[in-house]
Amino acid sequence: MEKRWKPDYVDPVTALMGHEDQGVRWDATQLLKNKVDTSFDPKLRALLKDNDLRKRGLAAYIAVYRWKSASFPLMDELLADNAELLRYDALSALILEGGAAGKQYALAHASSEKHPMLQKLLEHARQKTTEP
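The sequence shown lines up with residues 31 to 162 when you count with my numbering.
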C-alpha cells in the first residue's frame with residue numbers, strides 16, 4: 031500500500047487505527063501521516079473527537095505533523111483530558127512531530143501534568159532540549 035498508495039486506501043487504513051494490535055495501529059497512523067493531503071483534514075478533525083481513545087490519540091500525531099502550530103489549540107483539548115493515554119499521545123506528538131515549537135509547547139504543560147510517567151517523559155524532553 032505504501033509503495034502504490036491510492037486515495038481509496040484512506041478509509042480502510044483509518045479503520046486500522048482502531049485495530050487491537052498496537053503495531054498495526056501505529057503503522058496505519060504513519061502511513062496516513064505520510065500519504066494524505068488536505069482532503070483528509072475533515073476526517074482528521076473527526077478523528078480528534080473519536081470515541082475510540084486510541085484513534086483520537088493517534089490522530090494527534092498526524093495533526094501535529096500536518097498542521098504544526100495550528101494544531102496546538104487542538105492538543106490543548108487532549109492535554110486537558112482525564113485519559114492518560116490522550117495526554118501521552120498529545121505530548122508525544124508535540125515532542126516528536128511539532129519541531130522546536132511543539133517541544134516547547136509540550137514542556138509548558140509540565141507544571142499541570144500529574145501522572146508520574148508523563149512527568150518523566152517531559153523531564154526527559156527538557157533534558158534533551160538543554161543538552162549541547
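Ideal Cβ positions, reconstructed from N, Cα and C, are used throughout, including at glycine.
Inset, instruction - State the DSSP-derived secondary structure class of Asp111, mapped to helix, strand or coil. - result: In the structure shown, Asp111 sits in coil (DSSP, three-state: anything other than H, G, I, E or B).
Legend entry - Nearest-angstrom Cβ-Cβ length linking Leu115 and Ala90, presumed shorter than 8 Å: Leu115 to Ala90, Cβ: 11 Å. No contact.
Inset, instruction - Look up Asn64 in the DSSP assignment and say whether it is helix, strand or coil. - result: Residue state for Asn64 is assigned as helix, using DSSP reduced to three classes.
Legend entry - For Arg156 and His139, the rounded distance between their alpha carbons: If I take the Cα positions, the gap works out to 12 Å.
Legend entry - Contacting residues, own chain, Cβ-Cβ under 6 Å from Asp153 (five flanking each side not counted): According to the sequence displayed, residue 153 carries Glu and not Asp. Hits under 6 Å: none found.
Legend entry - Cut-off 6 Å between Cβ atoms - residues of its own chain near Tyr135, not counting five sequence neighbours on either side: Residues Phe102 and Leu124 of the same chain have their beta carbon placed closer than 6 Å to that of Tyr135, with the five preceding and five following residues left out of the count.
Inset, instruction - Give the DSSP-derived three-state secondary structure of His139 in the structure shown. - result: The answer is coil: DSSP assigns His139 none of H, G, I, E or B.
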